[in-house]
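**Q** Supplied in structure tokens, the structure appears directly below.
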Amino acid sequence: MDVKCCFSSQPIKEEFRATWIATVSNVDWPSTRTATPTQQQSELLNILNALQKLNMNAVVFQSIYLTGIHGKPPSPLWDPLEFITAEAHKRNIEVHAWINPYRARMYGSTYELASNHKAKQFPKYAYTYNKYMWMDPGSVEVQEFIVNVTEDIARRYDVDGIHMNDYFYPYNDDTEFPDGTTYAEYQQQDGKLNKADWRRSSVNTLIQTIYTRIHGIKPKVKFGISPFGIWKNGVPQGIHGLSSYNISYCDSRMWLKQGFVDYMAPQLYWQIDPPARSYLALLNW
Numbered sequence: 001m002d003v004k005c006c007f008s009s010q011p012i013k014e015e016f017r018a019t020w021i022a023t024v025s026n027v028d029w030p031s032t033r034t035a036t037p038t039q040q041q042s043e044l045l046n047i048l049n050a051l052q053k054l055n056m057n058a059v060v061f062q063s064i065y066l067t068g069i070h071g072k073p074p075s076p077l078w079d080p081l082e083f084i085t086a087e088a089h090k091r092n093i094e095v096h097a098w099i100n101p102y103r104a105r106m107y108g109s110t111y112e113l114a115s116n117h118k119a120k121q122f123p124k125y126a127y128t129y130n131k132y133m134w135m136d137p138g139s140v141e142v143q144e145f146i147v148n149v150t151e152d153i154a155r156r157y158d159v160d161g162i163h164m165n166d167y168f169y170p171y172n173d174d175t176e177f178p179d180g181t182t183y184a185e186y187q188q189q190d191g192k193l194n195k196a197d198w199r200r201s202s203v204n205t206l207i208q209t210i211y212t213r214i215h216g217i218k219p220k221v222k223f224g225i226s227p228f229g230i231w232k233n234g235v236p237q238g239i240h241g242l243s244s245y246n247i248s249y250c251d252s253r254m255w256l257k258q259g260f261v262d263y264m265a266p267q268l269y270w271q272i273d274p275p276a277r278s279y280l281a282l283l284n285w
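Residue numbers (the UniProt record's numbering): 1 to 285.
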């Protein structure tokens, strides 16, 4: 579990002392894919009790299918997001539901996709790239599907926030992301943006729409993002590395300026000293 410091475009009113609870590859929870529902619940309670003792006030919780068979519910049936929200609130801990919007399938996964999986609903926009399956961020249908998921979370769960991390357009593997057909469709509809700007515009549209829809349902629910820590090379001066603006097509500075997010927790996973990726320089910026 990694503690995150969060930065907002608004004056600081209170501290956001949050930790991830990652379920991918059983990083934090559940301990194994064969754990029973009772064991899974016990493990979650142990995590929450430990966080309460550490004076944490929020968790960013990632939930997955728990049976080992995609699309098959656990038996006996239980809802991890509902469970952790109720238990966290008893401990005065917020719950932010963490989603990875465009990732459709993990590297090395061999399970059969459920019939209602988004890759089966929109096979035209599901691509295998860099060993993962991705949904096309430029697809209007994919965007609306993701928005509908966030709306469903906001309506059905008493969560305090909805959170995304840095997975937008995938980090490249020296080959072109295969969205040429989607871009051609955009151009046929008289679209004028070049491909890079069109990609950023697609992500911007998703972020703005999610923010608007969430707050239309429950104004108290926060929308936060944890983008890669470098916005652009040379910003601030001397910074150089992978640029989220040019690689994952995230204009996180624009999201802050336009008020498309309630908070931002940039991923500053670097040491204090390296000048090209200085933690302090990026933090101060």
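Every residue gets a Cβ at the ideal spot worked out from N, C-alpha and C, and that includes glycine.
(1) Buried or exposed, going by whether 16 or more other CB atoms sit within 10 Å of the CB of N57?
(2) How many Å lie between S244 and R253 at the Cα?
(3) One question on the structure: do T150 and I207 come within less than 7 Å of each other, judged by their Cβ atoms?
(4) Going by the DSSP bridge assignment, what does A58 pair with across the sheet?
(5) Under 8 Å by Cβ, that's how I've got H96 and G224 pegged, so tell me the actual separation to the nearest angstrom.
(6) Assuming T205 and V159 form a contact by the criterion Cβ under 8 Å, report the distance between their Cβ atoms to the nearest whole angstrom.
(7) Are the beta-carbon atoms belonging to D251 and R213 less than 7 Å from one another?
(8) What does DSSP give as the partner residue(s) for W134 in the beta ladder?
(9) Can you tell me whether Q187 is buried or exposed? The criterion is at least 16 other CB atoms within 10 Å of its CB, across all chains shown.
(10) Check for me: the alpha helix (DSSP H) holding G71 runs from which residue to which?
(11) So is K120 buried or exposed if we call it buried at 16+ other beta carbons inside 10 Å?
(12) So, for I272: in the same chain, excluding its five sequence neighbours on each side, which residues have a beta-carbon less than 8 Å away from its beta-carbon?
(13) For W20, count the other beta carbons within 10 Å of its own beta carbon; 16 or more makes it buried, fewer makes it exposed. Which is it?
(14) Touch check for the stretch 229-237 and the stretch 175-191: three-plus C-beta pairs under 8 Å?
(15) Using C-beta distances below 6 Å, list every residue in its chain close to G71, excluding the 5 sequence neighbours before and after it, in chain order.
(16) Just confirm the distance between the C-beta atoms of W29 and E43, as a whole number of angstroms; I'd bet it's less than 8 Å.
(17) Among the residues of its own chain, which have a CB less than 8 Å from the CB of D2, if the five just before and after it don't count?
(18) Can you grab the Cα-Cα spacing for the pair Y249 / F260, in whole Å?
(19) Enumerate in chain order the residues of its own chain whose CB-to-CB distance from K218 is below 7 Å, with the five nearest sequence positions on each side excluded.
(20) Figure out for me which residue from N49, L48, P80 and W231 has the closest Cα to the Cα of T38.
(21) Relative to the ligand GDP, is the shortest distance from any of its heavy atoms to the C-beta of I214 smaller than 6 Å?
(22) Between which two residues does the beta strand (DSSP E) harbouring K53 extend?
(23) Compute the Euclidean distance between the alpha carbons of S25 and K195, then round it to the nearest angstrom.
(24) Give me whichever residues DSSP pairs with H163 in a beta bridge.
**A** The answer reads as follows:
(1) To locate residue 57, count along the sequence shown from 1; it is residue 57. It counts as buried.
(2) By one-based count along the sequence shown, residue 244 stands at place 244. By one-based count along the sequence shown, residue 253 stands at place 253. Spanning the alpha carbons of S244 and R253 requires a straight line of approximately 11 Å.
(3) Taking the first residue of the sequence shown as position 1, residue 150 is located at position 150. Taking the first residue of the sequence shown as position 1, residue 207 is located at position 207. No, they are not a contact pair.
(4) The residue labelled residue 58 in the question sits at position 58 within the sequence shown. DSSP lists A18 and E94 as partners of A58.
(5) Walking along the sequence shown from the start, residue 96 turns up at place 96. Walking along the sequence shown from the start, residue 224 turns up at place 224. Sure, about 6 Å apart at Cβ, within 8 Å.
(6) Here residue 205 is taken as the residue at index 205 of the sequence shown, counted from 1. Here residue 159 is taken as the residue at index 159 of the sequence shown, counted from 1. The pair is not a contact, with the Cβ atoms about 23 Å apart (cut-off 8 Å).
(7) In the sequence shown, residue 251 corresponds to position 251, counting from 1. In the sequence shown, residue 213 corresponds to position 213, counting from 1. Not closer than 7 Å, so no.
(8) Against the sequence shown, residue 134 aligns to sequence position 134. Beta-bridge partners of W134 (DSSP): R103 and Y127.
(9) Counted from its first residue, the sequence shown places residue 187 at position 187. Classification for Q187: exposed.
(10) Walking along the sequence shown from the start, residue 71 turns up at place 71. Neither: G71 is in no alpha helix (DSSP H) and is coded neither H nor E.
(11) Translated into the one-based positions of the sequence shown, residue 120 becomes position 120. Counting Cβ neighbours within 10 Å, K120 comes out exposed, since fewer than 16 surround it.
(12) Position 272 of the sequence shown, counted from the start, is the residue given in the question as residue 272. Same-chain partners within the cutoff: S278, Y279 and L280.
(13) Along the sequence shown, one-based indexing puts residue 20 at 20. With 16 or more other Cβ atoms within 10 Å, it is buried.
(14) Contact fails: fewer than three Cβ-Cβ distances are below 8 Å.
(15) For the purposes of this step, residue 71 is taken as residue 71 along the sequence shown, with counting starting at 1. The answer, listed in chain order, is A114.
(16) Here residue 29 is taken as the residue at index 29 of the sequence shown, counted from 1. Here residue 43 is taken as the residue at index 43 of the sequence shown, counted from 1. About 6 Å; that satisfies the 8 Å criterion.
(17) To locate residue 2, count along the sequence shown from 1; it is residue 2. Residue confidence is low: D2 scores 44 on pLDDT, short of 50, so the model does not pin down where it sits. No coordinate-derived value is stated.
(18) Within the sequence shown, residue 249 is the residue found at index 249, counting from 1. Within the sequence shown, residue 260 is the residue found at index 260, counting from 1. Each residue's Cα considered, the two are about 16 Å apart.
(19) On the sequence shown, position 218 is the one that residue 218 refers to. Same-chain partners within the cutoff: A154.
(20) On the sequence shown, residue 38 is found 38 positions in, with the first residue counted as 1. The shortest C-alpha separation from T38 is found at P80.
(21) In terms of ligand content, the structure shown is empty, and the ligand GDP therefore cannot be addressed.
(22) Start at 1 with the first residue of the sequence shown, and residue 53 comes out as number 53. DSSP places K53 outside any beta strand (DSSP E); the residue lies instead in the alpha helix (DSSP H), whose first and last residues are P37 to K53.
(23) Looking up residue 25 in the sequence shown gives position 25. Looking up residue 195 in the sequence shown gives position 195. Taking the straight line from one Cα to the other gives about 34 Å.
(24) By 1-based counting over the sequence shown, the position of residue 163 is 163. Answer is W98 and G224.
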